[in-house]
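Residue numbers (this note's numbering): 24 to 222.
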(Lines of atoms letter the chains of each structure in order from A and count residues from 1; the text may use other names and numbers.)
(Lines give C-alpha, C1' and ligand atoms only; values in the text may rest on other atoms or scores of the structure.)
Protein backbone atom coordinates (compact mmCIF):
# COMPACT_ATOMS: atom_id res chain seq x y z
CA UNK A 1 0.00 0.00 0.00
CA UNK A 2 2.74 2.50 0.97
CA UNK A 3 4.57 1.92 -2.32
CA UNK A 4 1.54 3.45 -4.06
CA UNK A 5 0.28 5.80 -1.33
CA UNK A 6 3.54 7.71 -0.80
CA UNK A 7 4.23 8.44 -4.50
CA UNK A 8 0.62 9.64 -4.85
CA UNK A 9 1.07 11.91 -1.85
CA UNK A 10 4.43 13.27 -3.08
CA UNK A 11 3.35 13.91 -6.66
CA UNK A 12 0.08 15.56 -5.66
CA UNK A 13 1.87 17.78 -3.14
CA UNK A 14 4.41 19.00 -5.68
CA UNK A 15 1.70 19.70 -8.25
CA UNK A 16 -0.42 21.65 -5.77
CA UNK A 17 2.55 23.67 -4.48
CA UNK A 18 3.05 25.36 -7.83
CA UNK A 19 2.39 29.08 -7.66
CA UNK A 20 -0.99 29.91 -9.11
CA UNK A 21 -4.10 32.00 -8.70
CA UNK A 22 -5.84 29.46 -6.46
CA UNK A 23 -2.96 29.11 -4.02
CA UNK A 24 -2.41 32.86 -3.93
CA UNK A 25 -6.11 33.34 -3.13
CA UNK A 26 -6.01 30.77 -0.31
CA UNK A 27 -2.82 32.29 1.05
CA UNK A 28 -4.32 35.78 1.00
CA UNK A 29 -7.48 34.55 2.74
CA UNK A 30 -5.29 32.91 5.37
CA UNK A 31 -3.17 36.02 5.83
CA UNK A 32 -6.35 38.06 6.35
CA UNK A 33 -7.96 35.24 8.42
CA UNK A 34 -11.17 35.39 6.39
CA UNK A 35 -13.36 32.32 5.82
CA UNK A 36 -10.33 30.04 6.05
CA UNK A 37 -12.14 26.77 6.86
CA UNK A 38 -14.71 26.91 4.02
CA UNK A 39 -12.04 28.07 1.57
CA UNK A 40 -9.64 25.20 2.30
CA UNK A 41 -12.48 22.66 2.36
CA UNK A 42 -13.70 23.76 -1.08
CA UNK A 43 -10.17 23.46 -2.51
CA UNK A 44 -9.47 20.06 -0.99
CA UNK A 45 -12.91 18.61 -1.80
CA UNK A 46 -12.66 19.79 -5.42
CA UNK A 47 -9.26 18.16 -5.72
CA UNK A 48 -10.56 14.94 -4.16
CA UNK A 49 -13.38 14.66 -6.71
CA UNK A 50 -11.05 15.33 -9.65
CA UNK A 51 -8.24 13.08 -8.42
CA UNK A 52 -10.44 10.07 -7.71
CA UNK A 53 -12.26 10.55 -11.03
CA UNK A 54 -8.91 10.54 -12.81
CA UNK A 55 -7.64 7.49 -10.94
CA UNK A 56 -10.83 5.50 -11.57
CA UNK A 57 -11.27 6.52 -15.20
CA UNK A 58 -7.70 6.22 -16.37
CA UNK A 59 -7.14 3.01 -14.44
CA UNK A 60 -10.10 1.33 -16.17
CA UNK A 61 -9.01 2.65 -19.56
CA UNK A 62 -5.46 1.40 -19.02
CA UNK A 63 -6.76 -2.10 -18.30
CA UNK A 64 -9.02 -2.10 -21.38
CA UNK A 65 -6.32 -0.79 -23.74
CA UNK A 66 -2.80 -2.08 -22.92
CA UNK A 67 -1.17 0.52 -25.20
CA UNK A 68 -2.76 3.36 -23.25
CA UNK A 69 -0.61 2.95 -20.12
CA UNK A 70 2.76 3.44 -21.88
CA UNK A 71 1.33 6.31 -23.90
CA UNK A 72 0.21 8.09 -20.73
CA UNK A 73 3.47 7.28 -18.97
CA UNK A 74 5.57 8.96 -21.66
CA UNK A 75 3.05 11.75 -22.07
CA UNK A 76 3.08 12.32 -18.30
CA UNK A 77 6.88 12.37 -18.29
CA UNK A 78 6.95 14.99 -21.07
CA UNK A 79 4.41 17.08 -19.19
CA UNK A 80 6.44 16.85 -15.97
CA UNK A 81 9.63 17.85 -17.79
CA UNK A 82 7.85 20.89 -19.22
CA UNK A 83 6.23 21.72 -15.88
CA UNK A 84 9.61 21.49 -14.17
CA UNK A 85 11.17 23.68 -16.84
CA UNK A 86 8.48 26.33 -16.33
CA UNK A 87 9.18 26.39 -12.59
CA UNK A 88 12.93 26.44 -13.18
CA UNK A 89 12.56 29.49 -15.45
CA UNK A 90 10.37 31.16 -12.82
CA UNK A 91 12.99 30.40 -10.15
CA UNK A 92 15.74 31.86 -12.36
CA UNK A 93 13.83 35.02 -13.28
CA UNK A 94 12.31 35.67 -9.86
CA UNK A 95 10.09 38.68 -9.35
CA UNK A 96 7.19 36.89 -7.64
CA UNK A 97 6.02 38.23 -4.28
CA UNK A 98 2.77 37.95 -2.42
CA UNK A 99 0.87 41.07 -1.50
CA UNK A 100 -1.96 40.38 0.94
CA UNK A 101 -3.07 43.98 1.25
CA UNK A 102 -5.06 46.00 -1.18
CA UNK A 103 -8.15 43.79 -1.42
CA UNK A 104 -11.51 44.58 0.11
CA UNK A 105 -13.12 42.28 2.65
CA UNK A 106 -15.16 39.57 0.91
CA UNK A 107 -18.39 37.97 1.98
CA UNK A 108 -18.29 34.19 2.37
CA UNK A 109 -20.46 33.78 -0.73
CA UNK A 110 -18.19 35.96 -2.85
CA UNK A 111 -15.06 34.22 -1.55
CA UNK A 112 -16.44 30.75 -2.38
CA UNK A 113 -17.68 31.79 -5.82
CA UNK A 114 -14.30 33.33 -6.62
CA UNK A 115 -12.54 30.20 -5.44
CA UNK A 116 -14.83 27.89 -7.44
CA UNK A 117 -14.08 29.92 -10.56
CA UNK A 118 -10.32 29.82 -9.90
CA UNK A 119 -10.52 26.06 -9.38
CA UNK A 120 -12.99 24.73 -11.96
CA UNK A 121 -12.32 27.20 -14.77
CA UNK A 122 -8.57 26.60 -14.68
CA UNK A 123 -7.51 24.14 -17.43
CA UNK A 124 -4.37 23.22 -15.48
CA UNK A 125 -6.42 21.65 -12.71
CA UNK A 126 -7.76 19.09 -15.19
CA UNK A 127 -4.28 18.39 -16.56
CA UNK A 128 -2.87 17.92 -13.06
CA UNK A 129 -5.66 15.79 -11.61
CA UNK A 130 -7.63 13.97 -14.31
CA UNK A 131 -4.83 13.55 -16.83
CA UNK A 132 -1.50 13.52 -15.00
CA UNK A 133 -2.40 11.93 -11.65
CA UNK A 134 -4.94 9.66 -13.33
CA UNK A 135 -2.49 8.35 -15.90
CA UNK A 136 0.43 7.99 -13.49
CA UNK A 137 -1.76 6.07 -11.02
CA UNK A 138 -2.02 3.27 -13.61
CA UNK A 139 1.73 2.65 -13.19
CA UNK A 140 1.31 1.63 -9.52
CA UNK A 141 0.01 -1.69 -8.16
CA UNK A 142 -2.63 -0.09 -5.94
CA UNK A 143 -4.30 2.80 -7.76
CA UNK A 144 -6.77 3.41 -4.93
CA UNK A 145 -3.92 3.94 -2.45
CA UNK A 146 -2.18 6.23 -4.95
CA UNK A 147 -5.38 8.27 -5.25
CA UNK A 148 -5.90 8.40 -1.48
CA UNK A 149 -2.33 9.58 -1.02
CA UNK A 150 -2.92 12.31 -3.60
CA UNK A 151 -6.17 13.37 -1.89
CA UNK A 152 -4.52 13.46 1.55
CA UNK A 153 -1.74 15.65 0.15
CA UNK A 154 -4.37 18.09 -1.08
CA UNK A 155 -6.04 18.30 2.34
CA UNK A 156 -2.69 18.64 4.14
CA UNK A 157 -1.49 21.33 1.75
CA UNK A 158 -4.60 23.51 1.73
CA UNK A 159 -5.12 23.32 5.49
CA UNK A 160 -1.44 24.12 6.06
CA UNK A 161 -1.57 26.97 3.56
CA UNK A 162 -4.78 28.48 4.90
CA UNK A 163 -4.00 28.21 8.60
CA UNK A 164 -0.22 28.60 8.37
CA UNK A 165 -0.39 31.66 6.12
CA UNK A 166 0.14 34.20 8.88
CA UNK A 167 3.41 32.48 9.79
CA UNK A 168 4.54 32.71 6.17
CA UNK A 169 3.54 36.33 5.59
CA UNK A 170 7.01 37.84 6.16
CA UNK A 171 8.71 35.05 4.22
CA UNK A 172 6.58 35.15 1.07
CA UNK A 173 6.71 38.91 0.86
CA UNK A 174 10.24 38.28 -0.45
CA UNK A 175 10.74 37.24 -4.09
CA UNK A 176 13.67 34.98 -3.09
CA UNK A 177 11.29 32.67 -1.19
CA UNK A 178 9.21 32.09 -4.32
CA UNK A 179 12.40 31.39 -6.28
CA UNK A 180 13.46 28.70 -3.80
CA UNK A 181 9.98 27.13 -3.87
CA UNK A 182 9.94 27.10 -7.68
CA UNK A 183 13.40 25.53 -7.77
CA UNK A 184 12.34 22.75 -5.39
CA UNK A 185 9.22 22.07 -7.47
CA UNK A 186 11.27 21.96 -10.70
CA UNK A 187 13.77 19.43 -9.32
CA UNK A 188 10.96 17.26 -7.92
CA UNK A 189 9.07 17.25 -11.22
CA UNK A 190 12.20 16.29 -13.16
CA UNK A 191 12.98 13.49 -10.72
CA UNK A 192 9.48 12.03 -11.12
CA UNK A 193 9.71 12.34 -14.91
CA UNK A 194 13.02 10.47 -14.98
CA UNK A 195 11.56 7.74 -12.78
CA UNK A 196 8.59 7.39 -15.16
CA UNK A 197 10.87 7.11 -18.18
CA UNK A 198 12.98 4.48 -16.42
CA UNK A 199 9.99 2.22 -15.58
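Positions of the beta carbon are idealized from the N, C-alpha and C atoms, including for glycine.
In the pairwise beta carbon analysis, the region 127-143 is classified as touching the region 60-69: at least three pairs are separated by under 8 Å. Between residue 103 and residue 216, the C-beta spacing is below 8 Å. Shown here, residue 163 sits in coil according to DSSP, grouped into three states, outside any helix or strand.
Inter-residue distance for residue 48 and residue 174 is about 20 Å (C-alpha atoms, whole angstroms). The three-state reading of DSSP puts residue 158 in helix, counting H, G and I together. In the DSSP assignment, residue 141 falls within the unbroken alpha helix (DSSP H) covering 131-143. Counting along the chain, residue 199 sits inside the alpha helix (DSSP H) bounded by residues 198-221. Residue 41 is not a Cβ neighbour of residue 159, given a cutoff of 8 Å.
Taking the Cα positions, residue 97 is about 42 Å away from residue 55. Excluding its 5 nearest sequence neighbours in each direction, residue 184 has C-beta neighbours in its own chain below 7 Å: 46, 49, 50, 53, listed in chain order.
Taking 8 Å as the cut-off, the beta carbon of residue 205 is found closer than this to the beta carbon of residue 114.
By the C-beta density criterion, residue 166 is buried, having at least 16 other C-beta atoms within 10 angstroms. The beta carbon of residue 149 lies closer than 8 Å to those of 73 in the same chain, with the five residues before and after it left out. Excluding its 5 nearest sequence neighbours in each direction, residue 108 has C-beta neighbours in its own chain below 8 Å: 209, listed in chain order. Separation of residue 161 and residue 100 (C-alpha to C-alpha, rounded to the nearest whole angstrom) is 14 Å. A straight-line Cα-Cα distance of about 7 Å links residue 37 and residue 211. Where residue 24 is concerned, there is no enclosing alpha helix (DSSP H), because DSSP gives it neither an H nor an E. In the structure shown, the three-state DSSP call for residue 111 is helix.
Distance between residue 155 and residue 76, taken at the CA atoms: about 12 Å.
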